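>
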Amino acid sequence: FPPLLYVLLPLTLSASPLQQGNVLHCICHPQWEEISVMDERNTPMRTYQVCNVMEANQNNWLRTRHISREGAQRVYIEIKFTLRDCNSLPGVPGTCKETFNMYYYESNNANLWFIKESQYVKIDTIAADESFTQVDVGDRVMKLNTEVRDISNLSKKGFYLAFQDLGACIALVSVRVFYKKCPLTVLNLAQFPDTITGGDTALVEVHGVCVNASEEFEAPKMYCSADGGWLVPIGRCVCKPGFEENKDVCQPCRPGTYKASATDAYCTKCPPHSSSPQEQAVECICEKGFHRAESDPRSMACTRPPSAPENPISTVNETCVTLEWSPPRDTGGRGDITYSLHCRKCSGDGKKCTPCGSSVHFVPRQIGLSSATVLVTDLQPDSNYSFTIESQNGVSDLSPTPRGTVVINVTTSQTVSVVLKERRSKDSVTLAWQGPERPNGAIVEYEVIYYEKNQREQNYTVLKTRSNMMTVDGLKPGTTYVFRVRARTDGGYGSYGGEIELETNVLAIGDPNQSTILAVSIAGGIVLLIFLVTCFVVIKLPGSRTYIHPHTYEDPNQAIRDFAKEIDASNIRIERVIGAGEFGEVCSGRLRVQGKREIYVAIKSLKAGYSDKQRRDFLSEASIMGQFDHPNIIRLEGVVTRCKPVMIITEFMENGSLDTFLKKHDGQFTVIQLVGMLRGIASGMKYLSDMSYIHRDLAARNILVNSNLVCKVSDFGLSRVLEDDPEAAYTTRGGKIPIRWTAPEAIAYRKFTSASDVWSYGIVMWEVISYGERPYWEMSNQDVIKAIDEGYRLPAPMDCPVVLHQLMLDCWEKGRSDRPKFGQIVTILDKLIRNPASLRELKHTNKSTEFHNREDPSTPEFSVSTVDEWLEAIKMGHYKENFSSAGYVSLDSILYISVSELAKMGVTLAGHQKKILSSFPHKHRQSQTGCSCEEFPH
Numbered sequence: 001f002p003p004l005l006y007v008l009l010p011l012t013l014s015a016s017p018l019q020q021g022n023v024l025h026c027i028c029h030p031q032w033e034e035i036s037v038m039d040e041r042n043t044p045m046r047t048y049q050v051c052n053v054m055e056a057n058q059n060n061w062l063r064t065r066h067i068s069r070e071g072a073q074r075v076y077i078e079i080k081f082t083l084r085d086c087n088s089l090p091g092v093p094g095t096c097k098e099t100f101n102m103y104y105y106e107s108n109n110a111n112l113w114f115i116k117e118s119q120y121v122k123i124d125t126i127a128a129d130e131s132f133t134q135v136d137v138g139d140r141v142m143k144l145n146t147e148v149r150d151i152s153n154l155s156k157k158g159f160y161l162a163f164q165d166l167g168a169c170i171a172l173v174s175v176r177v178f179y180k181k182c183p184l185t186v187l188n189l190a191q192f193p194d195t196i197t198g199g200d201t202a203l204v205e206v207h208g209v210c211v212n213a214s215e216e217f218e219a220p221k222m223y224c225s226a227d228g229g230w231l232v233p234i235g236r237c238v239c240k241p242g243f244e245e246n247k248d249v250c251q252p253c254r255p256g257t258y259k260a261s262a263t264d265a266y267c268t269k270c271p272p273h274s275s276s277p278q279e280q281a282v283e284c285i286c287e288k289g290f291h292r293a294e295s296d297p298r299s300m301a302c303t304r305p306p307s308a309p310e311n312p313i314s315t316v317n318e319t320c321v322t323l324e325w326s327p328p329r330d331t332g333g334r335g336d337i338t339y340s341l342h343c344r345k346c347s348g349d350g351k352k353c354t355p356c357g358s359s360v361h362f363v364p365r366q367i368g369l370s371s372a373t374v375l376v377t378d379l380q381p382d383s384n385y386s387f388t389i390e391s392q393n394g395v396s397d398l399s400p401t402p403r404g405t406v407v408i409n410v411t412t413s414q415t416v417s418v419v420l421k422e423r424r425s426k427d428s429v430t431l432a433w434q435g436p437e438r439p440n441g442a443i444v445e446y447e448v449i450y451y452e453k454n455q456r457e458q459n460y461t462v463l464k465t466r467s468n469m470m471t472v473d474g475l476k477p478g479t480t481y482v483f484r485v486r487a488r489t490d491g492g493y494g495s496y497g498g499e500i501e502l503e504t505n506v507l508a509i510g511d512p513n514q515s516t517i518l519a520v521s522i523a524g525g526i527v528l529l530i531f532l533v534t535c536f537v538v539i540k541l542p543g544s545r546t547y548i549h550p551h552t553y554e555d556p557n558q559a560i561r562d563f564a565k566e567i568d569a570s571n572i573r574i575e576r577v578i579g580a581g582e583f584g585e586v587c588s589g590r591l592r593v594q595g596k597r598e599i600y601v602a603i604k605s606l607k608a609g610y611s612d613k614q615r616r617d618f619l620s621e622a623s624i625m626g627q628f629d630h631p632n633i634i635r636l637e638g639v640v641t642r643c644k645p646v647m648i649i650t651e652f653m654e655n656g657s658l659d660t661f662l663k664k665h666d667g668q669f670t671v672i673q674l675v676g677m678l679r680g681i682a683s684g685m686k687y688l689s690d691m692s693y694i695h696r697d698l699a700a701r702n703i704l705v706n707s708n709l710v711c712k713v714s715d716f717g718l719s720r721v722l723e724d725d726p727e728a729a730y731t732t733r734g735g736k737i738p739i740r741w742t743a744p745e746a747i748a749y750r751k752f753t754s755a756s757d758v759w760s761y762g763i764v765m766w767e768v769i770s771y772g773e774r775p776y777w778e779m780s781n782q783d784v785i786k787a788i789d790e791g792y793r794l795p796a797p798m799d800c801p802v803v804l805h806q807l808m809l810d811c812w813e814k815g816r817s818d819r820p821k822f823g824q825i826v827t828i829l830d831k832l833i834r835n836p837a838s839l840r841e842l843k844h845t846n847k848s849t850e851f852h853n854r855e856d857p858s859t860p861e862f863s864v865s866t867v868d869e870w871l872e873a874i875k876m877g878h879y880k881e882n883f884s885s886a887g888y889v890s891l892d893s894i895l896y897i898s899v900s901e902l903a904k905m906g907v908t909l910a911g912h913q914k915k916i917l918s919s920f921p922h923k924h925r926q927s928q929t930g931c932s933c934e935e936f937p938h
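Oh and the sequence shown: position 85 is 85 in UniProt numbering, straight run, nothing missing.
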């Protein structure tokens, strides 16, 4: 016979038994009978049955032994039973029942024999879903019923179950008592144990335990629900360093991989120059000769100390020396290279050296230099020094090998001994001196500086000579002068010799020669005055240089030799192509100058297959450029003519042409910055004008900009392709002319002068203030010529200061003599820069009003009808998609657009926002009565 509480543990219910064995027994009235039968599998079955239906007032009880709840607050009772239909029993009185009652009693006492009926708590009245009849029994068809009930909020050690019969014919086949629990599970690398459920609706909070080789990242926990299911997972565990997750377990990293942090998801391959021969590696061991600094992440490749610095150069200037060097060829795989210097002072034979001590100073510092240059000061003259330059990086201290060093020896210059040679007359002296005994290289020249005593800071004169003797003329009679001399070698200047004070002779009153001298001086002054006036009227101011046209040379190669330095092609390293010119490619690269560091340069090369004329025209630009020396004129470094390809080398301008640069940075500069650019261009043009050079093609495309926003005039070719499109130049019998930038008299009569360059400068001003907009927009060249002839002038760009637009209009005066000179332009711009308040008054113009003035028939029309056309017209076409996506598809829809709406659409640059808002005529609609879209079509 099986136990009465036969327990089945289905996984779906995660049920647990409370007790097993025969726990039912009869109490009170022994009407319940214990019957044992065999089931179809021939297994004993023990049942209890009662069928006292013929007698009234039945009260038959069957009770279990004490059942321990084992911590469960809620238990379930599953009963299986059969019940006979009262109607199938003939002659049975009305006392026959078809139900029975189920009770429980909680108790901490497991040995109660008697429990009062009133102490029980009723669970439910049980009725059968299906009852059987006598016929059923004869046919051996039994109707087995199954009912499940539960008891909640149990708190004592256990309970008793009881079944009350009140007059039914019933057989109790099985009683199963169980509770539910959440099963053991592993989630997020945390194990949650078997957990008994709570009460009716309560959730039981359960904290998980991290599985093998894992640790808490965030405390893992879940909630066990009343029906035995896990809910709301929170937190997780992560695999410890050296382990990675694989299907809810942590497995060790394989050899050759590592995991440094628990927060890393997986093991990764060892970085370069490192390995992990064992499992569970938390970092990879560096190979021999390689190291990893303590601050380096474990994922960083192992590195090594750098090699020695290269190409050390010293420049001596008296008792100072500038040391420069190139970075080490091998950086060790790191970018934190620094340099340290060690100074030693040596004897004349170099055999004995001692540390320099604290008297020598290093600028900016001696240890931990980030740049490859240092200035050493306060050295002693005529002394030998040895400097050791050491390169190091973040792992140099970890390496046992010596650090990479390079040694450079320096000898400071000696002073020059000055002696008085003789005195001559009343306005000159002759000096002679002896050079240093052991100069730092060959003497290149001597520098003589002199000044009147007590006037050193106000006025001094510097003279240079290769001789060790000099006569100084033009001195004042009876005046004391101070003279000093120093020598210059290839290594730099030496220190000045001691000061020599000399007094010129006094011109005595009554001297018989005095009247003669006076008369000669007056006559000479008159002659000189006439000569100066003649030079000023006929040629130029005295002392100014005059530009020499290369074509005046019978041999053009001589012009190259006179004005351009020949460079050895081996000193040039071409790095990349940055453009194309008329004669060939334009590249950037580096030029190695003897005794100096490499410099960045631009390289124009003459393409293969050139003719003699093309070569001559190509090099003529270098012949012109080589004559100029001004900070706002592009500097010529030299030419390569002795080998192919023929090249012109100029300084490198990092930001390229001014028009492209302005378009790229539209709206990003202040007015003062723009005026500063214009001032630099005007200064360069003043220099060219003073040299009698006419540019003929001054435009923003021919201005170059360096990294400091310094603008320099360039493009001095005699023949050039002015623009890409064939309509950009108006062709005359004399050649091509850039119409939009050229003065009317130059277009009509080819009268090119500095005044015509001033006209072009006015157009450049307009280009700068409008951030590279095309002058006269989409007008044809013929329309431009016609409009200018009829008096039309470009309107002020958006937010242009009034004074700047007025200066543009002055540059565009029809009469050449009415235009300002470049010197005057520089003066005007200097005043504006010194007084920024003068730039505050802006000329608020709108392209629509300037372009569509119906009262002025000479003004060209400019008309748009869609948002896309409007954006193209104001050079904001790249925002078409932004406007379309935001729903602005008609001109009416953008009448009252705001800055915040533009920002939401992706128009974030302040300059672009201002340009868009000020270019649309909605402000005019608010202020002018009767204006319509037809009057302001865009």
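Using N, Cα and C, we set each Cβ at its ideal position, and we do this for glycine too.
Fair warning: this is a prediction, and the values are worked out from it, not measured in the lab.
By Cβ distance, which residues of its chain are closer than 8 Å to residue 841, with the 5 residues on each side in sequence left out?
The sequence position of residue 841 within the sequence shown is 841, counting from 1. Cβ neighbours of residue 841 beyond the five flanking positions: 801, 802, 803.
> Looking only at DSSP bridge pairs, what is residue 194 linked to?
Sequence index remark: in the sequence shown, residue 194 carries index 194 (1-based). Its beta-bridge partners do not exist; DSSP assigns none.
> CB-CB under 6 Å to residue 639, same chain, minus the five flanking residues each way: which ones, in chain order?
Translated into the one-based positions of the sequence shown, residue 639 becomes position 639. Around residue 639: 564, 622, 648.
> Short of 7 Å in beta carbon distance, which residues of its chain neighbour residue 499, apart from the five on each side in sequence? Order them along the chain.
By one-based count along the sequence shown, residue 499 stands at place 499. Excluding sequence neighbours, residue 499 sits near 482, 484.
> Taking just the CA atoms, how far does residue 234 sit from residue 206?
Within the sequence shown, residue 206 is the residue found at index 206, counting from 1. Within the sequence shown, residue 234 is the residue found at index 234, counting from 1. Answer to the nearest angstrom: the Cα atoms are 10 Å apart.
> Per DSSP, what kind of secondary structure is residue 741 in: helix, strand or coil?
Reading the sequence shown from its first residue, position 741 is the one you call residue 741. The answer is helix: DSSP assigns residue 741 an H, G or I state.
> What span of residues does the alpha helix (DSSP H) with residue 894 cover, start to end?
As a first step, residue 894 must be located in the sequence shown, where it is residue number 894. Unbroken run through residue 894: none, as it is neither H nor E.
> Spatial neighbours of residue 875 within its chain, please: C-beta separation below 7 Å, excluding the five flanking residues on both sides.
Taking the sequence shown and counting its residues from 1, the one referred to as residue 875 is at position 875. The answer, listed in chain order, is 773.
> Can you give the Cα-Cα distance for residue 279 and residue 341, rounded to whole angstroms?
As a first step, residue 279 must be located in the sequence shown, where it is residue number 279. As a first step, residue 341 must be located in the sequence shown, where it is residue number 341. One C-alpha to the other measures close to 45 Å.
> Rounded to a whole number of angstroms, what is the C-alpha to C-alpha distance between residue 901 and residue 866?
Locating residue 901 in the sequence shown gives position 901, counting from the first residue. Locating residue 866 in the sequence shown gives position 866, counting from the first residue. Their backbone Cα atoms lie some 19 Å apart in a straight line.
> Decide if residue 798 is buried, meaning its Cβ has at least 16 other Cβ atoms within 10 Å, or exposed.
Translated into the one-based positions of the sequence shown, residue 798 becomes position 798. Looking at its Cβ environment, which holds 16 or more other Cβ atoms inside 10 Å, residue 798 is buried.
> What are the partner residues of residue 302, as DSSP defines its beta bridges?
Position 302 of the sequence shown, counted from the first residue, corresponds to residue 302. Per DSSP, none; premise fails for residue 302.
> Is the beta carbon of residue 788 sitting closer than 9 Å to the one on residue 738?
One-based indexing of the sequence shown puts residue 788 at position 788. One-based indexing of the sequence shown puts residue 738 at position 738. Against a cut-off of 9 Å, the Cβ pair of residue 738 and residue 788 comes out as no contact.
> Just the Cα atoms here: how many angstroms apart are residue 761 and residue 707?
In the sequence shown, residue 761 corresponds to position 761, counting from 1. In the sequence shown, residue 707 corresponds to position 707, counting from 1. Looking at the two C-alpha atoms, the distance is approximately 23 Å.
> Measuring alpha carbon to alpha carbon, tell me which residue in 659, 359, 685 is nearest residue 700.
Indexing the sequence shown from 1 puts residue 700 at position 700. Nearest C-alpha to residue 700: 659.
> Within the same chain, show all residues whose beta-carbon is closer than 7 Å to that of residue 661, passing over the 5 residues directly before and after it, in chain order.
On the sequence shown, residue 661 is found 661 positions in, with the first residue counted as 1. The answer, listed in chain order, is 655, 705.
> To the nearest angstrom, how far is the alpha carbon of residue 859 from that of residue 792?
Along the sequence shown, read from residue 1 onward, the residue named residue 859 stands at position 859. Along the sequence shown, read from residue 1 onward, the residue named residue 792 stands at position 792. Legend: pLDDT at residue 859 = 37, less than 50; position of this residue unreliable, no value from coordinates given.
> Comparing alpha-carbon positions, which option in 592, 577, 591 lies nearest residue 585?
Here residue 585 refers to the residue found at position 585 when the sequence shown is read from its first residue. It is 577.
> Leaving out five residues on either side along the sequence, give the residues of the same chain with a beta carbon under 8 Å from the beta carbon of residue 533.
Against the sequence shown, residue 533 aligns to sequence position 533. Any answer about residue 533 is weak, because its pLDDT of 37 lies below 50 and its placement is not dependable; what the coordinates show is given next. Same-chain partners within the cutoff: there are none.
> Considering only the beta carbon of each residue, do residue 228 and residue 182 sit closer than 9 Å?
Counting from one through the sequence shown, the residue named residue 228 turns up at place 228. Counting from one through the sequence shown, the residue named residue 182 turns up at place 182. Contact flag set, yes.
> Can you grab the Cα-Cα spacing for the pair residue 68 / residue 185, in whole Å?
As a working mapping, residue 68 is identified with position 68 in the sequence shown. As a working mapping, residue 185 is identified with position 185 in the sequence shown. Taking the straight line joining both Cα atoms gives about 26 Å.
> Could you tell me the distance, in whole angstroms, from the CA atom of residue 815 to the CA atom of residue 753?
As a first step, residue 815 must be located in the sequence shown, where it is residue number 815. As a first step, residue 753 must be located in the sequence shown, where it is residue number 753. About 12 Å.
> Alpha helix (DSSP H) containing residue 882: first to last residue?
Within the sequence shown, the letter at position 882 stands for residue 882. First-last of the alpha helix (DSSP H) with residue 882: 880-885.
> Can you give me the Cβ contacts of residue 683 inside the same chain, cut-off strictly under 6 Å, excluding the 5 residues immediately before and after it?
On the sequence shown, residue 683 is found 683 positions in, with the first residue counted as 1. Once the five neighbours on either side are set aside, the close Cβ partners of residue 683 are 632, 826.
> Compare the C-alpha of residue 58 against each of 163, 80, 180 and name the closest.
On the sequence shown, position 58 is the one that residue 58 refers to. Measuring from the Cα of residue 58, the nearest candidate turns out to be 163.
> On the premise that residue 198 lies in contact with residue 66, defined as a C-beta separation below 8 Å, what is that separation, rounded to the nearest angstrom?
Sequence index remark: in the sequence shown, residue 66 carries index 66 (1-based). Sequence index remark: in the sequence shown, residue 198 carries index 198 (1-based). Not really, about 23 Å apart at Cβ, beyond 8 Å.
> Using C-beta distances below 7 Å, list every residue in its chain close to residue 435, excluding the 5 sequence neighbours before and after it, in chain order.
As a first step, residue 435 must be located in the sequence shown, where it is residue number 435. These residues qualify, in order along the chain: 416, 443, 468, 487.
> Counting C-beta neighbours from all protein chains within 10 Å, is the total for residue 362 16 or more, i.e. buried, or is it exposed?
As a first step, residue 362 must be located in the sequence shown, where it is residue number 362. Looking at its Cβ environment, which holds 16 or more other Cβ atoms inside 10 Å, residue 362 is buried.
> Report yes if the C-beta distance between residue 327 and residue 301 is below 9 Å; otherwise report no.
Against the sequence shown, residue 327 aligns to sequence position 327. Against the sequence shown, residue 301 aligns to sequence position 301. No, the Cβ-Cβ distance between residue 327 and residue 301 is not below 9 Å.
> So, at 8 Å on beta carbons, what are the nonlocal neighbours of residue 428 in its own chain, with the 5 sequence-adjacent residues on each side left out?
Within the sequence shown, numbered from 1, the residue matching residue 428 stands at position 428. Cβ within range, chain order: 471, 472, 473, 474, 475, 504.
> What does residue 207 pair with, by DSSP beta-bridge criteria?
Within the sequence shown, numbered from 1, the residue matching residue 207 stands at position 207. Paired residues: 221.
> Is it buried or exposed, residue 387, if we count other Cβ atoms within 10 angstroms and call 16 or more buried?
Within the sequence shown, the letter at position 387 stands for residue 387. That one is buried.
> Hey, is the stretch 903-917 in contact with the stretch 872-888, meaning 3+ C-beta pairs nearer than 8 Å?
Counting Cβ pairs under 8 Å, three or more are found: they touch.
> By Cβ distance below 7 Å, which residues in the same chain neighbour residue 579 in space, the five residues on each side in sequence not counted?
In the sequence shown, counting from the first residue as 1, residue 579 sits at position 579. These residues qualify, in order along the chain: 586.
> Measure the beta-carbon distance from residue 681 to residue 713 and round it to whole angstroms, keeping in mind my assumption that it falls under 8 Å.
Mapped onto the sequence shown, residue 681 falls at position 681. Mapped onto the sequence shown, residue 713 falls at position 713. That belief holds up - the Cβ atoms of residue 681 and residue 713 are roughly 6 Å apart, short of 8 Å.
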